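*Asks:* Before we start, here is the structure in question, set down as structure tokens.
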Amino acid sequence: MLRNPIHLRLEKLESWQHVTFMACLCERMFPNYWAFCQQTGFADGMLYRRILDLVWETLVVKDAKVNFDSQLEKFEEAIPAAEEFDVYGVYPAIDSCVGLSELLHSRLSGDTLSHAVAVSEASITSVAMLEMTQAGREMSDDELKENPAVEEEWDIQWEIFRLLSACEERDLELIKGLRSDLREAPISNIGINFQQ
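Shown next as structure tokens:
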């Protein structure tokens, strides 16, 4: 599904940059999970937010200790199964869960590159699937590449990548800035608005 040069370029980044990149994309997918939970009563949509906050904390607080094993266990119980729901929202919700799971696995394994690529793919998948669903048909990769919503998603991923790749070393102000920018614009990658 939709390869992009960004996946190769991510190789140049260090692990803290990969983790920040993943956290940013999960921030943008969080409203999809939250809205699905609100709509169906499936789980506590804010569980996602709390776990993601712990990841951010490890990026900005020196020596922050988080048991990612137990967080992952808790989270895995809160991932919906597509066949159990008759609402479209289950698909972007699952993509957002894939994103956060990959992020948690990267914290456990220490291998961040492959997980960063997987989170990028989960986010673009949500966008592409919605576009095809709304169009009522499959689209080729070439068509999707020229789709404005897909283009916008790649643009945002590149923008986050560029901000991170410009850093020589871990930049706490940049990390905090990205986190607050993404929270203050609570619109997901597929246009779902998160309202507390």
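Numbering (the working numbering) for the sequence shown: 167 to 362.
Positions of the beta carbon are idealized from the N, C-alpha and C atoms, including for glycine.
On a predicted model such as this, the values are computed, not experimentally measured, just so you know.
Looking at the secondary structure, which residues open and close the alpha helix (DSSP H) in which T299 lies?
*Replies:* Counting along the chain, the alpha helix (DSSP H) containing T299 begins and ends at L279 to A301.
*Asks:* Within 10 Å of its beta-carbon, does I353 have 16 or more other beta-carbons around it, so buried, or fewer, so exposed?
*Replies:* By the neighbour-count rule (16 or more Cβ atoms within 10 Å), I353 is not buried but exposed.
*Asks:* Using beta-carbon positions only, say whether F241 and L220 come within less than 8 Å of one another.
*Replies:* Taking 8 Å as the Cβ cut-off, F241 and L220 do not qualify as a contacting pair.
*Asks:* Cβ of L388 within 8 Å of Cβ of V285?
*Replies:* Residue coverage of the chain in this structure runs from 167 to 362, which leaves residue 388 outside it and unanswerable.
*Asks:* Exposed or buried, what is E350 when buried is set at 16 or more other beta-carbons lying within 10 Å of its beta-carbon?
*Replies:* It counts as exposed.
*Asks:* The alpha helix (DSSP H) with V226 in it runs from where to where?
*Replies:* Note, V226: alpha helix (DSSP H), M212 to V226.
*Asks:* According to DSSP, which residues form a beta bridge with I353?
*Replies:* N359, per the DSSP bridge assignment.
*Asks:* I believe L340 touches E193 by the beta-carbon criterion, under 8 Å. Please report the beta-carbon distance rounded to the nearest angstrom.
*Replies:* Going by Cβ atoms, the distance from L340 to E193 rounds to 14 Å, so no, they are not a contact pair.
*Asks:* Could you spell out the range, first to last residue, of the alpha helix (DSSP H) harbouring E309?
*Replies:* Its alpha helix (DSSP H) spans residues D307 to K311.
*Asks:* Three-state secondary structure (DSSP) at I260?
*Replies:* If DSSP states are grouped into helix, strand and coil, I260 belongs with the helices.
*Asks:* With respect to the alpha helix (DSSP H) encompassing C192, which residues constitute its N-terminal and C-terminal limits?
*Replies:* Looking at the DSSP string, the run of the alpha helix (DSSP H) that includes C192 is S181 to T206.
*Asks:* If you check the beta carbons only, do S272 and M195 fall under 8 Å apart?
*Replies:* Against a cut-off of 8 Å, the Cβ pair of M195 and S272 comes out as no contact.
*Asks:* Can you list, in chain order, the residues of its chain with a C-beta nearer than 7 Å to that of L279? Leave out the 5 residues immediately preceding and following it.
*Replies:* Only L176, E177 and H184 meet the Cβ criterion.
*Asks:* Please look up how many angstroms separate the CB atoms of I326 and C190, rounded, as I've assumed it's under 8 Å.
*Replies:* Yes, I326 and C190 are in contact; Cβ-Cβ is about 5 Å, under 8 Å.
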